[in-house]
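Reading through the structure tokens given below for one structure.
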Amino acid sequence: MPTDERIDLEQLKVKEKIFFYEDLILYEDELADNGIAKLNVKLRVMQGGFFLLLRFFLRVDGVLVRINDTRIHHKAGSSYMLREYSSKERKMSEILGLKLSITDPTQLADHLILKEEKYETLLFSNGVDKMSGVEQSVSTD
1080 MPTDERIDLE QLKVKEKIFF YEDLILYEDE LADNGIAKLN VKLRVMQGGF FLLLRFFLRV
1140 DGVLVRINDT RIHHKAGSSY MLREYSSKER KMSEILGLKL SITDPTQLAD HLILKEEKYE
1200 TLLFSNGVDK MSGVEQSVST D
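Residue 1157 in our numbering is what sits at position 78 of the sequence shown, and the numbering runs on without skipping anything.
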């Protein structure tokens, strides 16, 4: 469901033990030497919850650069997750004028024009223990 609540990126910068981290490339294509299409996911699990970034990066040489990001964050002990989606793009001719590296999506992201964004709350269908963040299962035996 739509929400006004946002992922607290400053809270995610606070140092805490990371139990699991992975950065996986799910898809990559060089578009017949005319650019790149790349889909990757980064997942970080901490004591305070988890954070996931799914990023699709598209660069069509001489045409445009587009980045679609989906971020999901769950705070331990809460009964929901926050999902943020954004789509940004810019013409390649405008980017080349900025003298940026066209191969680094992280550097390019701040210079693209926001085209669309959505903010949603994803509620758990089953109960979540507010103290431990452990899902409760109900036996029907």
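Beta carbons are placed, not taken as given, at the ideal position from N, Cα and C, and that holds for glycine.
Please state if the CB of residue j and the CB of residue i are separated by a distance shorter than 8 Å.
i     : j     : result
V1139 : L1161 : no
Y1164 : F1203 : no
F1098 : V1120 : no
I1146 : A1188 : yes
E1101 : Q1126 : no
V1144 : L1133 : no
Using 10 angstroms around the beta-carbon of residue i, count the other beta-carbons present and answer buried if the total reaches 16, otherwise exposed.
i     : result
H1152 : buried
P1081 : exposed
R1150 : buried
E1084 : exposed
V1142 : exposed
I1192 : exposed
G1114 : buried
E1214 : Residue placement at E1214 is poorly supported in this model, since its pLDDT is 44, which falls under 50; the coordinates still yield a value, given next. The residue is exposed, with fewer than 16 neighbouring Cβ atoms inside 10 Å.
K1178 : exposed
E1089 : exposed
For residue i, report the span of its beta strand (DSSP E) as first-last.
i     : result
E1101 : I1097 to D1108
K1154 : L1143 to K1154
R1085 : No beta strand (DSSP E) holds R1085; DSSP gives it neither H nor E.
V1139 : G1128 to V1139
Determine the extent of the alpha helix (DSSP H) in which residue i is found, giving its start and end residues.
i     : result
K1117 : That residue, K1117, is in no alpha helix (DSSP H); its beta strand (DSSP E) goes G1114 to M1125.
Sort out for me which residues DSSP pairs residue i with in a bridge.
i     : result
L1202 : Y1159
Using a Cβ cut-off of 8 Å (strictly closer), state whether residue i contacts chain E.
i     : result
R1145 : The structure shown contains no chain E, having only a single protein chain.
Counting only runs of 4+ residues fully inside the stretch 1165–1197, write out the alpha helix (DSSP H) ranges in chain order.
Runs of the alpha helix (DSSP H) inside the stretch 1165–1197: 1171–1175 and 1184–1188.
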